[in-house]
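J.: Residue numbers (my numbering), protein chains in the order written: chain A, 666 to 875; chain B, 666 to 875; chain C, 666 to 875; chain D, 666 to 875.
Protein chains: 4
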Amino acid sequence: MNTREARKEKTVQCILDTAAQVFAETGYEGARMDNIADRAGVNKAMIYYHIGNKEALYTRVLHDVLGDTAVRMAENINRADTPTDKIHAYVQSIGRTVEIHPHLPRIMMREFASGGLHLPEVVVKDLASIIGLVRDVIQEGCSRGEFTDVDPLILHLMVMGGIGYFKTSGPFRRKYSALMEGLSDRTGEAGVVDLIGEIERIVLSALTNC
Amino acid sequence: MNTREARKEKTVQCILDTAAQVFAETGYEGARMDNIADRAGVNKAMIYYHIGNKEALYTRVLHDVLGDTAVRMAENINRADTPTDKIHAYVQSIGRTVEIHPHLPRIMMREFASGGLHLPEVVVKDLASIIGLVRDVIQEGCSRGEFTDVDPLILHLMVMGGIGYFKTSGPFRRKYSALMEGLSDRTGEAGVVDLIGEIERIVLSALTNC
Amino acid sequence: MNTREARKEKTVQCILDTAAQVFAETGYEGARMDNIADRAGVNKAMIYYHIGNKEALYTRVLHDVLGDTAVRMAENINRADTPTDKIHAYVQSIGRTVEIHPHLPRIMMREFASGGLHLPEVVVKDLASIIGLVRDVIQEGCSRGEFTDVDPLILHLMVMGGIGYFKTSGPFRRKYSALMEGLSDRTGEAGVVDLIGEIERIVLSALTNC
Amino acid sequence: MNTREARKEKTVQCILDTAAQVFAETGYEGARMDNIADRAGVNKAMIYYHIGNKEALYTRVLHDVLGDTAVRMAENINRADTPTDKIHAYVQSIGRTVEIHPHLPRIMMREFASGGLHLPEVVVKDLASIIGLVRDVIQEGCSRGEFTDVDPLILHLMVMGGIGYFKTSGPFRRKYSALMEGLSDRTGEAGVVDLIGEIERIVLSALTNC
DNA sequence: CATGAATGAGTCTTCATTCAT
DNA sequence: AATGAATGAAGACTCATTCAT
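Following this line, the structure appears as structure tokens:
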């Protein structure tokens with residue numbers, strides 16, 4: 666039933682989703698509270714009432730997703746036996762997250778670009794926890810002699826970066842296809858699943874050398 | 666001697682360099698004209714006098730570099746004989762640009778993230794011209810049977826993305842090394858030359874398949 | 666009671682009245698949004714919230730009055746039978762407008778001086794509609810053999826100009842009475858009603874020739 | 666010969682003429698020193714060097730013309746015998762001035778509109794001296810029993826106003842002729858001479874009653 | 001809870017004026 | 001005299017945030 670709690674939850678989710686989209690489109694500095702409120706169909710003051718100021722909103726958008734991702738990823742990695750399976754669990758966890766939250770990669774791209782300038786403490790910890798999981802998997806793989814030593818931060822940046830650039834190339838393709846021949850639209854929202862598989866293969870080949 | 670022309674040129678270059686840095690740090694929306702002027706050591710009105718408004722400044726910052734890069738790249742590719750040598754010329758041209766203009770990759774990352782939200786027409790054309798060069802090299806390689814067909818936009822995004830993520834990982838590493846063990850600072854400004862070589866190898870292996 | 670609608674309406678009217686005064690005193694270019702806000706007793710941002718930017722404000726100030734004037738004038742002219750009565754309706758409509766909106770003539774004087782530099786499209790249409798009414802009355806009078814042919818634009822300029830110069834002579838008189846003897850204050854706000862009557866007589870004598 | 670003095674004189678005149686034009690077009694507040702300098706073909710700093718700041722420039726533009734007009738008008742009135750001839754001298758002096766300085770009426774219109782807000786002291790005195798001449802002529806005519814008593818300020822405003830509105834109706838006519846039928850271009854620069862004659866007749870008939 | 005209104009601290013941009021050469 | 005460059009004080013407009021109802 667539609668309890669008061671449920672309706673509030675729905676409103677908050679709607680705000681967060683819209684905010685994610687706006688932050689992805691225009692960045693933290695470019696995002697306008699007015700715009701977020703309008704597109705979410707709520708009064709601007711409601712954002713402040715339910716969530717807080719711009720910084721708190723940004724934090725919620727990232728922490729809700731990344732915190733959850735870190736927890737699930739830890740569970741999935743724990744459930745896996747071999748280092749290879751654990752890498753599978755890692756990449757698939759990322760894949761699931763970006764499937765549910767398609768605006769995340771663009772937000773993270775900007776954060777990378779600014780060197781994490783206004784990443785809030787909690788989100789830094791979320792990311793650190795994810796990178797820590799990767800580090801542990803690599804270390805286990807190395808000590809078992811199955812992996813070569815690879816920097817976990819670089820690896821994670823590559824994974825996120827690959828997804829980010831892939832997912833953001835769409836608008837560019839549209840922009841450039843008018844200017845150039847030979848640029849058919851090979852990418853699309855549908856291709857993300859395969860993208861994840863491809864990335865997993867690349868990551869594993871990088872870890873097992875060749 | 667210090668002719669008037671020369672001093673003007675110096676001032677303009679100083680403004681452009683500072684602007685590039687600020688745009689890289691905080692993005693177009695986050696950049697403050699006041700801040701740029703202060704850090705460049707000039708009066709704010711001088712930016713408007715010598716260059717123009719924020720948009721014109723952003724355009725100059727990107728077009729001065731990318732227009733020149735496109736021209737040089739075309740020359741270098743023309744001078745090369747085989748498709749493989751041309752890809753070498755392409756990657757090295759990029760490498761030279763980001764070496765001289767270390768803030769460019771971060772600016773481009775943000776543009777990718779926003780789907781080219783602030784990219785001015787001229788700069789879009791500069792990019793199109795670069796991607797066109799890549800496309801032509803790939804086509805020649807394909808028709809000679811040396812390359813497999815690869816999307817030139819994706820290829821270029823990968824190259825720029827790889828450099829961008831690599832160059833921006835430094836601040837992250839510093840941020841995270843405090844939180845985590847096993848994250849020594851493996852990247853650095855010095856590593857760019859090798860980075861370019863590594864990227865060239867990856868690009869060629871992607872084009873020649875395996 | 667003081668409903669929200671009513672209070673908003675009051676605020677908007679206060680802003681518009683103050684703006685009319687400031688525009689009349691210093692012209693479009695000389696008017697300061699800060700000044701208008703201060704004198705209206707509202708926060709500057711409220712002008713933008715309720716009305717819009719300087720141009721929109723100027724447009725509202727003129728269109729609210731002239732649009733209404735054009736409509737009422739058309740009604741009054743329609744209600745009148747003879748061309749002479751219609752001219753009466755025309756002049757009295759003008760008179761009523763400048764009585765209620767005493768700052769309008771000065772604003773229009775400046776517009777005439779600049780050739781309508783800042784006149785927005787809507788206001789040009791309002792004026793055209795008024796001049797159109799005058800033209801039709803003159804044409805009817807001519808075809809009835811009661812009027813001689815007179816240029817409607819010139820006629821309207823004369824009417825507006827006469828009122829404008831008359832109403833603005835007050836400050837001048839005050840300025841000059843100190844410098845000169847024999848310049849008693851013969852004009853005053855009270856004299857406007859008679860002014861309108863005088864103007865009507867002049868206009869009619871010009872139209873009936875002699 | 667082109668002495669240094671002569672060249673300077675030419676430059677100053679050019680600046681003053683251009684300034685008059687710009688002040689007429691956009692008003693004191695709307696006039697831009699940059700614009701005046703550009704259109705006069707001189708460096709902006711030269712205006713400050715030769716004439717002074719914006720206010721000084723405005724003063725020069727008006728005082729050079731009105732001071733001279735007042736002097737000549739006094740001479741011409743003195744030379745005339747009857748009050749009627751003196752009125753002729755007055756109106757013709759005005760006519761000669763606006764013929765040589767076609768931008769003056771628009772500038773004066775704005776001054777009237779603002780109640781002489783930023784008319785400098787000297788120019789106020791020039792105007793006062795002109796109105797004083799008119800007053801004296803009227804008084805003489807009255808004491809001779811030839812004129813009825815008419816307010817000299819109002820009379821002068823009417824003369825200047827008539828010329829002003831007539832001369833500024835051109836741009837309006839062009840603006841409105843597109844919107845309306847029956848608005849042929851009856852006014853023109855060429856018509857000024859006749860305008861002056863017409864005004865003289867009106868003034869005299871007002872003074873001699875009827 | 002929800003909403004329109006209010007606010008003050010910015011942010012970009014312009015412009016009259018002055019300086020150095 | 002003449003010019004390009006420099007400057008500081010506004011001015012228009014925006015925006016995150018809060019208030020009153």
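Quick reminder that beta carbons are idealized off the backbone N, C-alpha and C, glycines included.
No experiment lies behind these values; they were computed from the predicted model shown.
(1) Return the chain-ordered list of same chain residues with a C-beta closer than 6 Å to the C-beta of E811 of chain D, the five sequence neighbours on each side being excluded.
(2) Confirm, please, whether the CB-CB distance from Y714 of chain D to A684 of chain D is below 9 Å.
(3) Would DSSP call G810 of chain B helix, strand or coil?
(4) Report the rounded CA-to-CA distance for M823 of chain D versus G780 of chain C, giving the unit in angstroms.
(5) Taking 7 Å as the limit between beta carbons, can you name the residues of its chain near R809 of chain D, skipping five residues before and five after?
(6) Taking CB distances under 9 Å as the criterion, tell me whether S779 of chain D reaches chain C.
(7) Check whether the stretch 769-776 of chain D and the stretch 824-832 of chain D are in contact - that is, three or more C-beta pairs closer than 8 Å.
(8) Taking the alpha-carbon positions, what's the K719 of chain B to S794 of chain A distance?
(9) Do I752 of chain C and L869 of chain C have their C-beta atoms closer together than 9 Å?
(10) Would you kindly work out how many angstroms separate the C-alpha atoms of R672 of chain D and I716 of chain D, rounded to a whole number?
(11) Just tell me which of D:V730, D:E674, D:N708 has its CA closest to the CA of L769 of chain D.
(12) Is the Cβ-Cβ distance between I742 of chain A and I712 of chain A less than 9 Å?
(13) How is the alpha helix (DSSP H) around H821 of chain B delimited, first residue to last?
(14) For S834 of chain C, return the contacting residues in chain D, with the cut-off set at a CB-CB distance below 7 Å.
(15) Within 10 Å of its beta-carbon, does A855 of chain B have 16 or more other beta-carbons around it, so buried, or fewer, so exposed?
(16) Can you list, in chain order, the residues of its chain whose CB lies under 7 Å from that of N700 of chain B, leaving out five sequence neighbours each side?
(17) Which runs of the alpha helix (DSSP H) fall wholly inside the stretch 710-778 of chain C and span at least 4 residues, in chain order?
(18) When DSSP labels each residue in this structure, what does A871 of chain B get in the three-state scheme?
(19) What does E720 of chain B touch in chain A if you count any residue whose Cβ is under 8 Å from its own?
(20) Would you say K840 of chain D reaches chain C, if we count a Cβ-Cβ gap shorter than 9 Å as a contact?
(21) In or out: A721 of chain D buried (at least 16 other Cβ within 10 Å) or exposed?
(22) Can you pull the chain D neighbours of V789 of chain C, defined as C-beta to C-beta under 8 Å?
(23) Run through DSSP, which three-state label would L860 of chain A get?
(24) Within a Cβ cutoff of 6 Å, which residues of the same chain sit near P785 of chain C, ignoring the five residues on either side of it in sequence?
(25) Is Y755 of chain C closer than 9 Å to V802 of chain C when the C-beta atoms are compared?
(26) Between E690 of chain B and T676 of chain D, what straight-line distance do the alpha-carbon atoms span, to the nearest angstrom?
(27) How should R838 of chain D be labelled, buried or exposed, when 16 other C-beta atoms within 10 angstroms of its C-beta is the threshold for buried?
(28) Can you have a look at V736 of chain D and say buried or exposed, based on whether 16 or more other CB atoms are within 10 angstroms of its CB?
(29) At a Cβ threshold of 9 Å, is E865 of chain A touching chain B?
(30) Please report whether the beta-carbon of R800 of chain D lies at a distance below 9 Å from any beta-carbon of chain C.
(31) Output yes or no for whether 9 Å exceeds the beta carbon distance between G732 of chain D and A778 of chain C.
(32) Please report the straight-line C-alpha distance between K840 of chain D and P817 of chain B, rounded to a whole angstrom.
T.: For this structure:
(1) Excluding positions up to five away in sequence, the list reads P748.
(2) Note that the C-beta distance between A684 of chain D and Y714 of chain D is not below 9 Å.
(3) Taken through DSSP and simplified to helix, strand or coil, G810 of chain B comes out as coil.
(4) Spanning the alpha carbons of M823 of chain D and G780 of chain C requires a straight line of approximately 20 Å.
(5) Hits under 7 Å: P748.
(6) Taking a beta-carbon distance threshold of 9 Å, S779 of chain D counts as an interface residue toward chain C.
(7) The stretch 769-776 of chain D makes contact with the stretch 824-832 of chain D, as at least three CB pairs between them are under 8 Å.
(8) Roughly 39 Å between the two C-alpha positions.
(9) In this structure, L869 of chain C lies closer than 9 Å to I752 of chain C by Cβ.
(10) Each residue's Cα considered, the two are about 15 Å apart.
(11) D:V730 is the residue among D:V730, D:E674, D:N708 whose C-alpha sits nearest the C-alpha of L769 of chain D.
(12) No; because the gap between Cβ atoms is not below 9 Å, this pair is not in contact.
(13) Unbroken alpha helix (DSSP H) run through H821 of chain B: 817-842.
(14) Correct list: L818, I819, L822.
(15) Model confidence at A855 of chain B stands at a pLDDT of 48, short of 50, so the residue's coordinates are unreliable; what they give is reported in the following sentence. With fewer than 16 other Cβ atoms within 10 Å, it is exposed.
(16) Its chain contains V687 as the residues whose beta carbon lies nearer than 7 Å to that of N700 of chain B, once the 5 sequence neighbours on both sides are disregarded; these appear in chain order.
(17) Whole alpha helix (DSSP H) segments, 4+ residues: 719-744, 748-765, 769-778.
(18) Note: A871 of chain B maps to helix in three-state DSSP.
(19) Within chain A, no residue comes near E720 of chain B; the closest Cβ sits about 14 Å away, beyond 8 Å.
(20) Interface residue, yes.
(21) Flag for A721 of chain D reads exposed.
(22) Correct list: K840, Y841, L844.
(23) Judged by DSSP in its simplified three-state form, L860 of chain A adopts helix.
(24) Cβ contact annotation for P785 of chain C (same chain, cutoff 6 Å, sequence separation greater than five): T724, in chain order.
(25) Taking a C-beta distance under 9 Å as the contact criterion, V802 of chain C and Y755 of chain C qualify as a contact pair.
(26) If I take the Cα positions, the gap works out to 50 Å.
(27) The Cβ neighbour count for R838 of chain D, taken over all protein chains shown within 10 Å, is at least 16; the residue is labelled buried.
(28) Only exposed fits V736 of chain D, as fewer than 16 other CB atoms lie within 10 angstroms of its CB.
(29) Residue contact with chain B for E865 of chain A: absent (no Cβ-Cβ distance below 9 Å to any residue of chain B).
(30) So, interface residue.
(31) Contact: no.
(32) Rounded to whole angstroms, K840 of chain D to P817 of chain B spans 54 Å at the Cα level.
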